[in-house]
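Using my numbering, the first residue of the sequence shown is number 17, and each one after it goes up by one.
Where is the CB? At the ideal position from N, CA and C, for every residue including glycine.
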Amino acid sequence: MSEDNRSTAGSRLARRTSAKGRISRNRSAENLRRPAGTAQKYGGQAQYFGRTAQNYRGPAQNSVRTARYSGGTAHNSGRRGTKQSSLGTSTGRGSRNTKGNRNKGREIPPVSLERNSNIIDGITFGFSIALLLGAAVGCVYSGAGDTLIEDFIRILTMPAPLVTDYFALGSLPATFLNAGLCGLSMALFMFFMPGLSHVNTLAGFFLIISHCFYGLNFLNMWPCFLAPFLYLKLKNLNYNDNLHICMFATCFAPFVSELLFRYIQGDMYRTGTITITLRGCLLTVVFMFILAFVAPAILPGVNAWHKGYNLYNGGLAYGMFGFLLFSFLYRTMGVEYPHVPIRHNQLYNLAGNSYRLFGNTFFLLLFLACLAAGWFLNGRSFKGIEVFFRDTGYHSNFAQKYGMRLCLINIGLYGMFFLVYINIVIHFTRGAGFTAPTFGVILAALTFTSMGQHARNVWPIFIGYPLLSLFSTLFNHLIGGNALWTVSTQAYINSVAFATGLCPIVGRYGSIAGIIAGMLCAALCTATSSLHGGLVLYNGGFTAGITALILLPILEHYIPNPRNDMNHHIDLRDMITLRGPSTDPQNETNPEKSPE
């Protein structure tokens, strides 16, 4: 080959090599730009501790890792052949990872809406499956497997005002089956509905499965749950953002059972008979329409009454509305008041009307599983939990602040804490045992473990109950009274689980204020249910709300500093209607902007 030909061939080879290099660099640049666009999926930004995805464009995008508690931020340096991160520095020549670097590889993942949503979905499916497994084991444990379907149908078709023990009305496995089916249906709604799951819907989920042990069932739930969707449709509001409103509305489920099976029949009703009339069905439809437009509208304004110091905002709102409904349907119309159906369940009686061993085993395994899962997701550590427990619980979204992994640890710890309390009061006082309502309130106690509750800000409220019992006993000795209640009486076991919704008072005003709040809740809990005839399941939240209305003005008068520091602001728009489709993903999990 001549020298000229060799020169021409070399020139062509150089041009091809240069072109390939330009194509490769363009493709690399395109790949680096692509994640930044992907990060816009959820409302235009992906929040990682207040930093938007805009800050991580270019080469740093491939390893957005923020270690909140270690203070390290992993990133790519952008230099060819060099990669820097919190795990160490490696060059293109392939440096070795040390043992310390491998241990640091288990960094705590960043908080993100999508990660929180995935954990919330996992919790709902996990609890639902656990309840269904409990039904299977309960068939063997209680010996009621042969009558499972019959007992389940009885639960569905009997009126169930507070406090109906589904273990007596049906059976242990039938009750767990009822709770598992209701929980699984809610988990499926949360999973398949477009958008991310948030802590408000998790709270609604816990309330639904807890009341499936007394008053709520797979039949009377649906009219209440589906009714608010009509309001959301007409107002063009986002279904996913307001799914918890539909869940909270299920507290009116006893009204549905009454209207379908007993209200029209009056004195002709016989316990155990199933009679559905056309008039009863029409009344139920009318009730659904009323509920559809009142239940969502009444929630936002009530928050201004207690200024966020009662986490069970729906309890106060729906308790007041239930008071009106009950007065109209029964007192005004002269209809006989509803009563709790009584059934003598031989298997339940043989167990002493208490499944203590089964309950302790089930809940201990469940809470240990939550604790282990949270520990694993948190980088196989409990790092950050000490900061978590210093939170006041006032207007706090734990999932947004600390991530659902720490909330999962809190669920396990708080659940075991409440389980210990239940065992202590049952062991040392005479009252109810591990009945179906007791099973239910153990689950209900978890409702706001991602939005304000932890063991440190609820223990003073627990202390208030035995202190009131002691004071009541001493007072009765002085005046010769006859107080028959103890802290293990069913009404007081139920009440203490919901009284913990006043934990922001403890966080802002101290332990003494929390003890007083607990005592006031204990004093009121047996009186409030008569206002709505036991037909509103959130009686504990109703009681906590009334307590806040009484106690808060007194606290603000004598301890003004928390009020002055709060810079409280009431948005009148929030008091008129629910918010529409959100453009800011942070709003999806911000309790300050949520009407519940």
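Contact between the stretch 175-187 and the stretch 355-370 is established, with three or more Cβ pairs separated by less than 8 Å. A straight-line Cα-Cα distance of about 43 Å links A190 and G526. Annotation: I139 to G517 spans about 21 Å, alpha carbon to alpha carbon.
For L567, the enclosing alpha helix (DSSP H) starts and ends at 555-574. Look at the beta carbons and you see the stretch 210-220 touching the stretch 249-266: at least three pairs across the two are nearer than 8 Å.
Here G549 is near F342, since their CB atoms are less than 9 Å apart.
Counting C-beta atoms within 10 angstroms of its own C-beta, M284 has fewer than 16 neighbours from the protein chains shown and is therefore classed as exposed.
Measuring C-alpha to C-alpha distances from S133 to each of I169, G211, A151, G335 identifies G211 as the nearest. In this structure, T287 sits near P357, with a CB-CB distance shorter than 9 Å. Looking only at T291, P312, L459, the smallest Cα-Cα distance to F378 is reached by L459.
CA-CA distance, A195 to F222, rounds to 10 Å.
With contacts defined by Cβ atoms closer than 9 Å, P244 and L307 form a contacting pair. If you draw a straight line from the Cα of Y346 to the Cα of K251, it is about 32 Å long. Residue environment: H227 is assigned as buried (16 or more neighbouring CB atoms within 10 Å of its CB, all protein chains considered).
Sorting H573, F434, N236, G449 by C-alpha distance to the C-alpha of T465 places F434 at the top. The DSSP-derived three-state label of T451 is coil. Assigned with DSSP and collapsed to three states, T516 falls in helix. Ranking F344, G161, I136, F405 by CA distance to the CA of G523 puts F405 first.
In the DSSP assignment, S527 falls within the alpha helix (DSSP H) that extends over 527-544.
In the assembly as shown, C297 is an exposed residue. Its beta-carbon has fewer than 16 other beta-carbons within 10 Å. Secondary structure remark: continuous beta strand (DSSP E) runs of at least 3 residues inside the stretch 170-224: none found. Scanning S488, M206, G428 for the CA closest to the CA of A461 turns up G428.
For the options V436, F398, L332, L500, the alpha carbon positioned closest to that of F558 is the one of L332. A distance below 7 Å between beta-carbons, with the five flanking residues on each side excluded, links Y353 to the following residues of its chain, in chain order: Y346, G549. Residue state for M349 is assigned as coil, using DSSP reduced to three classes. Counting only residues of its own chain and dropping the five nearest sequence neighbours on each side, M304 has a CB closer than 7 Å to the CB of P239, A243. For the stretch 249-295, the continuous alpha helix (DSSP H) assignments of 4+ residues that do not extend past its boundaries occur at 259-264, 269-277, in sequence order. M206 counts as buried, since no fewer than 16 other beta carbons sit within 10 angstroms of its beta carbon.
Residue L551 holds the alpha-carbon nearest to the alpha-carbon of T266 among A564, L551, E572. Three or more Cβ pairs drawn from the stretch 464-481 and the stretch 406-416 lie within less than 8 Å of each other, which places the two stretches in contact. Comparing alpha-carbon positions, the option among L536, G480, N236, N394 lying closest to Y418 turns out to be N394. Collapsing the DSSP output to three states places N365 in a helix. Residue nearest to V302 within the set V272, R278, G330 is V272 (criterion: CA-CA distance). In this structure, the straight-line span from the alpha carbon of N439 to that of G530 is close to 22 Å.
Excluding five sequence positions before and after I224, the CB atoms of its chain that fall closer than 8 Å to its own CB belong to C198, G199, M202, L232, M237, M263, T266, given in chain order.
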